[in-house]
Every structure is written in structure tokens, then in C-alpha cells.
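I have placed the structure first, in the form of C-alpha cells, so that the comments after it can refer back to it.
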Amino acid sequence: MRQIFWRTSTTLLVIIVIGLFGVSSEVDGVETVRFRRYYRNDHRAPRAATARKERIWPEGIIPFVITSNFSGEHQHLFLRAMRHWENYTCVSFVPRQPHHKHYITFTVDKCGCCSYVGRRGEGPQAISIGKNCDKFGIVVHELGHVVGFWHEHTRPDRDMYVDIFYKSIQTGQDYNFEKSKPEEVDSLGEPYDFSSIMHYARDTFSRGAFYDTILPKPSSGFRSEIGQRVQLSEGDIRQTKKLYKCADCGGTLMQESGNLAIQHEGTCIWHIISPQGHTIFLNITGSTLNPPAVPCSEERGNFITIRDGVSIASPVLDRICGDDTQFRTIASSGNRMTIQVKSTDPSPSLPFATYYAICGGPIYANEGVIHSPKYPESYPPNSDCQWTIHVDENSQVAIEFVYFHLEQHKECIYDRLILTEGTPKSHEVTETFCGLIEKKTVVSKTSQISLRFFSDNSVQKSGFELRFSKELNECATEKNVCHHYCVNTVGGFKCACRVGYSLSSNGFSCDSTCGGYLKSSNGSIASPNFPEMYPSSKTCVWEIEAPEGYHIFLNFTKFNVEGMRTECAYDYVKIGDSEKLCGEYHEPLLFTTPRNRVRIEFSSDSSVERDGFFANFIADFDECQNDNAGCEHSCQNRLGSYVCTCNAGYILAEDKHNCKEGSCFFEVNAPAGDINSPNHLNDYPKGQNCSWHFVTTPGHRLMLTFSSFQVEEHSQCKYDAVSVFDGGDGSSQLAGVFCGLAPPPLLLSSSNELYLTFTSDASVSRRGFQAHYTSVCGGRLSAESTPGHIYSHATFSDSKYGKNQDCSWSVTAKSPGRGVRIHFSTFNIESEEGCQYDYIEIYDGSEATPELLIGRYCGDAIPEPVTSTGSELLLIMHTDNAEEEKGFVAEYREAKRSTTSKRKNQLRTRHDPFQEPIHDRLKE
5 MRQIFWRTST
15 TLLVIIVIGL
25 FGVSSEVDGV
35 ETVRFRRYYR
45 NDHRAPRAAT
55 ARKERIWPEG
65 IIPFVITSNF
75 SGEHQHLFLR
85 AMRHWENYTC
95 VSFVPRQPHH
105 KHYITFTVDK
115 CGCCSYVGRR
125 GEGPQAISIG
135 KNCDKFGIVV
145 HELGHVVGFW
155 HEHTRPDRDM
165 YVDIFYKSIQ
175 TGQDYNFEKS
185 KPEEVDSLGE
195 PYDFSSIMHY
205 ARDTFSRGAF
215 YDTILPKPSS
225 GFRSEIGQRV
235 QLSEGDIRQT
245 KKLYKCADCG
255 GTLMQESGNL
265 AIQHEGTCIW
275 HIISPQGHTI
285 FLNITGSTLN
295 PPAVPCSEER
305 GNFITIRDGV
315 SIASPVLDRI
325 CGDDTQFRTI
335 ASSGNRMTIQ
345 VKSTDPSPSL
355 PFATYYAICG
365 GPIYANEGVI
375 HSPKYPESYP
385 PNSDCQWTIH
395 VDENSQVAIE
405 FVYFHLEQHK
415 ECIYDRLILT
425 EGTPKSHEVT
435 ETFCGLIEKK
445 TVVSKTSQIS
455 LRFFSDNSVQ
465 KSGFELRFSK
475 ELNECATEKN
485 VCHHYCVNTV
495 GGFKCACRVG
505 YSLSSNGFSC
515 DSTCGGYLKS
525 SNGSIASPNF
535 PEMYPSSKTC
545 VWEIEAPEGY
555 HIFLNFTKFN
565 VEGMRTECAY
575 DYVKIGDSEK
585 LCGEYHEPLL
595 FTTPRNRVRI
605 EFSSDSSVER
615 DGFFANFIAD
625 FDECQNDNAG
635 CEHSCQNRLG
645 SYVCTCNAGY
655 ILAEDKHNCK
665 EGSCFFEVNA
675 PAGDINSPNH
685 LNDYPKGQNC
695 SWHFVTTPGH
705 RLMLTFSSFQ
715 VEEHSQCKYD
725 AVSVFDGGDG
735 SSQLAGVFCG
745 LAPPPLLLSS
755 SNELYLTFTS
765 DASVSRRGFQ
775 AHYTSVCGGR
785 LSAESTPGHI
795 YSHATFSDSK
805 YGKNQDCSWS
815 VTAKSPGRGV
825 RIHFSTFNIE
835 SEEGCQYDYI
845 EIYDGSEATP
855 ELLIGRYCGD
865 AIPEPVTSTG
875 SELLLIMHTD
885 NAEEEKGFVA
895 EYREAKRSTT
905 SKRKNQLRTR
915 HDPFQEPIHD
925 RLKE
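Take the sequence shown: its position 640, counted from the start at 1, is 644 in the numbering used here, and no numbers get skipped.
So this is what it looks like as C-alpha cells:
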């Protein structure tokens, strides 16, 4: 049972109890010592009586605000968690409006993950979602505190259900396992719930990774894991409904459409929730109620009330008495509608209304929010929504992309959002968006803008949240005090300076600085003070311009700027629109600009300085721009010259300009990409014999999918054919031979090599094929006397490992009677004390069972080498949806089998001397 109206803690490592209001707090392991010291003397502070009615949110309505420091992905997560509570209970989370005096604020506080329990009643109250707290289950858990629940294990009768092992608990954290006094909690008659999302896990606040702090009593019969952070349990849902006195009949409806039926006499309440920017239409199909005994206006007897909003206190849209059978349609003004029915003798389960939510329509407001259909869940297929936003005249519309994730395509031909401006007769497409956009703001030229969203019938993503507001161009008013340039921003403006100047501390005047405008065919640039250390807090901008028809070649002969190459969070050099550069390079860095102008920006922060950089530049005429320089297929510009290249299946002729059919063999080493038959989109040449040899990072496999396929058909593919081999050449295991119009199935190699051949005879030609290949982690590996390697991800050293990865490598000794030895040369996995988020697990065998577990590892400390006791080791990598790190490199080979097991379950099951049940301790 979740305890109500008091302080508690949650899922991570530290509980902090402060003051009178009940704060739940969890902090990650890095902060544990500091917070324990800070709150050393607090323990359990005096508290008000439990079950105080003022701690319940009136009408179950919980207003919320999300602070601007959270990303769109975070805000999407928070909304999903709130919708989870709404879907199963009658509590409602609504964006805070000016009349809401008491509300919650999603923020990041020093406590990590923490929340007041119930309604504080003193204006805004914080719900902190700090580092490592941004998981769906943890946010649902924290919202449980907001709703009014303690942790399950602190209820007064918990000793009947769980054992507490005090000697396994971290020093100074015992108070987190104290029971609440009987008068402090209201159990609402619910039984103890091991499955509650408010329950501690078995090793919460454990003094070691394999010591239990709390376990169900053997007599309880409960054998599953406690402390789940997946979803509300049935007990969580029942108790919330009791706490907030939810109606027995009705519920929350979030589907795009549905029916409403009265199931029994009494009061039924339905809450219909649609995404913002949608309108709810309710069709009354006919009353199933008897005539009321008294006038309907007195709200006695049989009636139906439809309200425009979140609760039974919202404005009335219509009221229908029992004998009113007139068909009618009622529309909401926003994205919520509440229907209340009071019935004394209804017809059995007959629908009295249907509803549907419609996206789009005109919006006359100076600010608001628009969601894709079904947001925050994935949008449905075949959607077509159009919104037209109108703000005050002589203003502009600013649209902020809070969260945006549609199906990706370089031309947005599948799912897309189209922005158009102007009147219906003069609409002009401003921009089309698809894919994943992390942060973006679009400002219209006029006071009206239209948005149209399309989705096709295939792939669906999470959708979007857009915020719009009225925007003024302050640069065109007397507020503009900028010396050089004024740049209009949403809600304000900022000043900028010409090249060679920097903005002074007053924010509007410009001072002469490094950088400048260089109109020359050659020259050099360098960081300030080069070759000495560059100064801190410096920004320099160079603009280099060459004549029309020229490109600019940049050669950095010296480069040493603070940073780690892949993460330029401090100092950096930025060339045009490319990524930021930082770190130290011992080899020259060469860049070619696509146009005759380039902007180079250098920025240093207020701390560490380095030697800086020196670069030469030279302007080079682009011969390829004039008639493709005579090249038949493609022309590539080079410094002082050019080269012609040919399409796949062709080679350069002796004149170095024309192309002829030639060798068709390709070595493919990139971790992912596309291949196609010669002359794809047109008929492939006759008499072709092409081969592709794919090689990816060791420890990974290759997955091949065909997006288009037209090869001359034959029952045995004797004429034209595509053949795929599971290995490095044509002598490897044949995976399949394919022809005709049906694309081959998805193909997955067993190693890091794949071989594909395409042959065509001298007769019929077709369009050919196009295929996409990508690297897939995991697989079965054979250990020999010479070492093999496993890389955490195919792009190791170029980028961090990805999110939401689950990879497994099974390594088996090739020689009979031999074992497998693995050691890591590089190891950097997201650090967390219990390794709950990203981790590596090694098992002494072929299966991932607890009794075979050797260890779970994370952080940057290299694990000790591991040798199997049998012929096989299993290595598993798991990553969550948050932090990413560099990854690992492991070497494996055959070895003499270990005679000593390192399986950790031997330690896990030990109870002496540390795991002593509390009841045994009290008997001493």
C-alpha cells in the first residue's frame, strides 16, 4: 500500500527528509556523501497528521509547469508519464493557468529525484527530475508522490510482509526503512502490494552490489522482483481511485473515438482527453434514461451534463434530461470534455453517445500548444490535419519546436509538417519538416500561418509538440540600440557585430577584435597570440571571400584547441555550417568549401587555454562547373585541377573523361549505407558480373534489406541473379539466390563479413535492385589461439555508443576441452553505483541466468580478465535511453579453462553475516 501525505524517497540512492511538508528525494551515487552530510541530523522530522484532506488535489486536478531547462525529449517523457496516471485513474494533469494558485513545477534541484507528497498548499511545489531520473518508470513513481503516496514498505504493518536486513544498509540510511506510525497513514483498506511502483527494490541503499536490504517474507509466497518501475500496479490504481473518490462508472478516454454507455444506476463520469490543438465532438444518439422526477435544472434524478473542460466544475456545454431523445452534436472549445450521468434506472449497457476527436481548425489566440494526433503516443497512419493560427494584426507568429519526431526522408515524402503563410489565395510553402528536430523556432512574416500534417500508412513516430506565440520585430522599433546589427529573437532582440568586431559587455556596442573580412585568393589565419596560448573568453570570426566560380581550400597545419574531438563543449573552431572542431591533431586538417565564401569562428571559454591553430587558405577555380569539365559521368574538383569519375559498373576510359563498362567489384567498409545494381533506376547493363564484399567492425554482423528489386525472373534464377554468401567470398555458405520482382527477405550475417554477387546475361534487362546494409551488434564468435576482438559499437572511436541497445556475444572455444578468456583494453560505460542504466554483463556459459552471472560492470574502470570454466562465455551489453559514453574494446582467445568459478550468485545468496532479518535482531 502506498502511504499518503508524507515525505518519502524513491528509486535511486539517497532519501532526504526535510521540514513539515513531506519531500521525497533521490540522488545519484556521486552526490550521496554530500547530501548525507548536509542532512545528517534531519532524519524524520515532525509531520502533520496523515490523511489531511487539504493534501488531496481538489477535483483530482494537478496543474503543472515544465521549466525551460528541460529538452523536448524530457517534456515528451513527462507528458507520457502524466497520461499514464490519467489513463488508469481520475486524476488530471493540466497545464497551469493564471488562476491556478497551487501547482507542480518540473525542475532540477540539488536533491536529484524528489517531490513533495500530496498538495503542499503554498503555491508552486517542485518535482525534481535530475540526472539519471529521466526514465519513464521513475517519473511515474515521482508523480505518485505528487498524487499523495508514500513508499509501500513504510506502512505500519509491513513486518508481516517483508524482512529488512539492516546490516546490509549503507551507513546512515537506516531511517529510510523506518515504519510510519499507524496514525500517520491511511491504508484505505488495501492489502500490501509487492508490485506497487512505490515499492523499494531488493537492494535499495545496499552497502554492496550483491547484498539485499529488503525482501518479501518467504511465507508471503511472492516470488517476483519487487521495486518495479514499469507501470502502475492494479493496487496502485485501486488505491488512487479510493483516495480521489473516482466514480465507479465511467473512466478516462484517450482514443480518437469511442462510445459511452451507462452500465448501472448511480453516477458515471467520463473524462475525454485529446491532444492539444484538437476538438472533441460528442454525438448524443438518444437518452437511455427515464424521465426525471424533478426539474432537470435541479440536477436530481436522471440527467446527462456535458462540460467543457477537465472536471465536473468546468463550464456546462449542455444538460439533457432523461426524456429528451433529440439527436445533437456538442463540440468542446479545447482538448478536454467531461460527461456526468446520474441514473436511477438506465437501459442495460446501451450507448447513449459517441465521440471523436478532430485535429486542426482555425486558432485565434496569441499563444497556445499544438500536438500531433494521439500525442504523446505515436501518431496514427493516414493522418491529415491542418491548423491556421491567427495572432494580433501587425504581429508575427513564432512557432517553437518543443518536440518533433516524424518518419525521416531527405525529401519528406512520407510523413511531414508543411508550413504556409499568407491568405488562403496567396499561400506560399515556407518550409517542410520531417525526421528528428531537437530545437527550432520559425517566425512568420505575417500574423497568419497554416500548418498541415500528413502521415502515410507505414511507419509512425512519436509526433510533435509545437508552441506558438505572438512575436514583434523589436529591431524595427525604438528599442533597437545596436551599433552594428540588430537580430530579432522570439520575445526580444540581440545585437551583433561586423566581422572583426566583438560585442562589448554592455550588449549593444562593438569593439575591434581578432578575425576580419578577407577578400583574397590566398593567405593565412591563426588563433590570437599564436604560437603562444590563446586567451580565455575570446571570440574571433573570419569571413573569407574568393571570386565567383572558385572554392576555398583550408589547410590547418597546427591545431590544438581544448576539447575531446567528439565533444567540443568548451573551446572550438567552426567552419561554415559544419560541426565544431576541437582537440589536438598531429596531422594536417584539410577542408574544401562548397562555395566561394566561408565563415570561420573561433571561441574560447573562461578556463583552459591551448596553443591554438594556424591555417593557410587558397582559392581554386572549379573546373567542374563548366560543362562538367567534359566528364561523361561525374567531375570532382581538386586543388589546381579536377578528376572525372564513373558510376558503379563503369571505369574511366583512356582519355580520362569518358566511361566504359568495366570491373564491377566493391569493397564496402562503412558501418551502414546503400548499394545498387549498375545504372540503377534504368535497366542494368547486360553481361554484368559484380561483387560486393562487406566488412564491418569485429564483433558485429551485417543486416541487408532490399528496398527495390527487379531482376529477370526464372524459377531457378538461371539468367540474371543476386546471390548472397554468409562470409568473405563466394566460397562461403550460400544464404540465397534471388531473382524476379519479389524483394529478398531480410538477411543477417553470422560474422562481420558478407559477400554479394550480381550477374546478368546477354538478353533481358530490368531495373535492378537497391539495398541498405547496416551493422548489427552481437553474434556467435569462435575463440582460437590467435586473439579476436569485440567492439561495443560499429562506429567505435568515431562516436559514442547508441541508446536503447541490447547486444549479446556468445564466444565458444574452437578446440575441445578449452575455455575462453576475455579481457578489456578500453572500457567506458555510463557510470552508476548499481549499474542499473548502461552495463556489461558476463556469464560463465551460454545462457543469461542468475546462477551463471560472473559480474555486471559500468564506469571507466577496466574489469579484471575473465576465463570460463566451460567452453563458452556470454557477454551482454545493455544501454538505456539517456547517457552515452565511449564504449569498450574486448579481446578474446582460447585459454585453459578456469578451475575456480567467479559467479557472483554465490555471494548474492549469502545471508551471513550481513543479512539478518529485523525480527531476528529484535529478539536478541
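Where is the CB? At the ideal position from N, CA and C, for every residue including glycine.
Bridge partners of Met341, per DSSP? Ile276
Would you mind sorting Met341 into buried or exposed? The rule is 16 or more other CB atoms within 10 Å of its CB. buried
Can you list, in chain order, the residues of its chain whose CB lies under 7 Å from that of Glu819, leaving out five sequence neighbours each side? The question names Glu, but residue 819 is Ser in the sequence shown. Excluding sequence neighbours, Ser819 sits near Glu898.
Starting from Asp240 and walking both ways along the alpha helix (DSSP H), at which residues does that stretch end? Glu238 to Leu247
Measuring CB to CB, does Val780 end up less than 8 Å from Glu876? no
Between the C-alpha atoms of Glu156 and Val166, what's the straight-line distance to the nearest angstrom? 11 Å
Phe356 and Ile284: beta carbons closer than 8 Å? no
Buried or exposed by the 16-neighbour rule on C-beta atoms within 10 Å, applied to Thr790: exposed
Excluding the 5 residues preceding and the 5 following Val320 in the sequence, name in chain order all residues of the same chain whose CB lies nearer than 8 Å to its CB. Thr309, Ile310, Arg311 and Asp312
Just checking, does the stretch 220 to 237 make contact with the stretch 847 to 855 on the three C-beta pairs under 8 Å criterion? no
Do you know how far the Cα of Asp207 is from the Cα of Ile844? 19 Å
Identity of the residues DSSP links to Phe742 by a beta bridge: Val726
Could you give the distance in angstroms between the alpha-carbon of Thr597 and the alpha-carbon of His637? 22 Å
Could I get the ranges of all uninterrupted alpha helix (DSSP H) runs contained in the stretch 568 to 611, with 4 residues as the minimum, in chain order? none
Check for me: the beta strand (DSSP E) holding His394 runs from which residue to which? Asp388 to His394
Start-to-end residues for the alpha helix (DSSP H) that takes in Val150: Phe140 to Val151
Any chance the stretch 158 to 173 sits against the stretch 860 to 872, with 3 or more Cβ pairs inside 8 Å? no
Figure out for me which residue from Asn680, Tyr688, Leu522 and Asp687 has the closest Cα to the Cα of Trp696. Asn680
Give the C-beta separation of Tyr841 and Glu788 to the nearest angstrom, bearing in mind that I take them to be a contact with Cβ-Cβ under 8 Å. Rounded, the Cβ-Cβ distance is 34 Å, inconsistent with contact.
Which stretch, first to last residue, makes up the beta strand (DSSP E) that contains Met537? From DSSP, Met537 is part of no beta strand (DSSP E); its letter is neither H nor E.
Can you give me the start and stop residues for the beta strand (DSSP E) that His827 sits inside? Gly823 to Asn832
Taking the alpha helix (DSSP H) that Ala85 belongs to, which residues open and close that run? Gly76 to Tyr92
Considering only the alpha carbon of each residue, which of Arg471, Gly262 and Ile288 lies closest to Phe324? Reading off the sequence, residue 324 comes out as Ile, not Phe. Here the closest residue by C-alpha is Ile288.
Between Leu192 and Asn808, what straight-line distance do the alpha-carbon atoms span, to the nearest angstrom? 39 Å
Quick one: complete alpha helix (DSSP H) runs, 4+ long, within the stretch 178 to 261? 238 to 247
Excluding the five sequence neighbours on either side, which residues of its own chain have a C-beta within less than 7 Å of the C-beta of Phe698, listed in chain order? Val672, Leu706, Glu757, Leu758 and Tyr777
Closest to Ile417 by C-alpha separation, out of Val112, Asp460, Lys444 and Pro377, would be which residue? Asp460
For Arg914, which residues in the same chain have their Cβ closer than 8 Å to its Cβ, ignoring the five residues on either side in sequence? Unreliable placement is indicated for Arg914, whose pLDDT of 29 sits below 50; the coordinate value is still reported in the next sentence. Taken in chain order, the list of residues that qualify is empty.
Among Glu613, Arg642, Ala619 and Phe621, which has the Cα closest to the Cα of Glu627? Arg642
If we ignore side chains and look at the alpha-carbon of each, how far apart do Phe563 and Arg603 end up? 18 Å
Which residue marks the beginning of the beta strand (DSSP E) containing Glu469, and which one marks its end? Gly467 to Glu475
Between the CA atoms of Tyr215 and Arg41 - distance to the nearest angstrom: Note that Arg41 scores 30 on pLDDT, short of 50, meaning its location in the model is unreliable; the coordinates nonetheless yield the value given after this. When rounded, the distance between both Cα atoms is 24 Å.
Between Met568 and Tyr574, what straight-line distance do the alpha-carbon atoms span, to the nearest angstrom? 10 Å
Spell out a yes or no on whether the stretch 758 to 777 and the stretch 709 to 724 are touching, meaning 3 or more CB-CB pairs, one atom from each, closer than 8 Å. yes
Could you compute how far the alpha carbon of Arg233 sits from the alpha carbon of Ser541? 44 Å
On the DSSP bridge list, what partners appear for Ser779? Leu706
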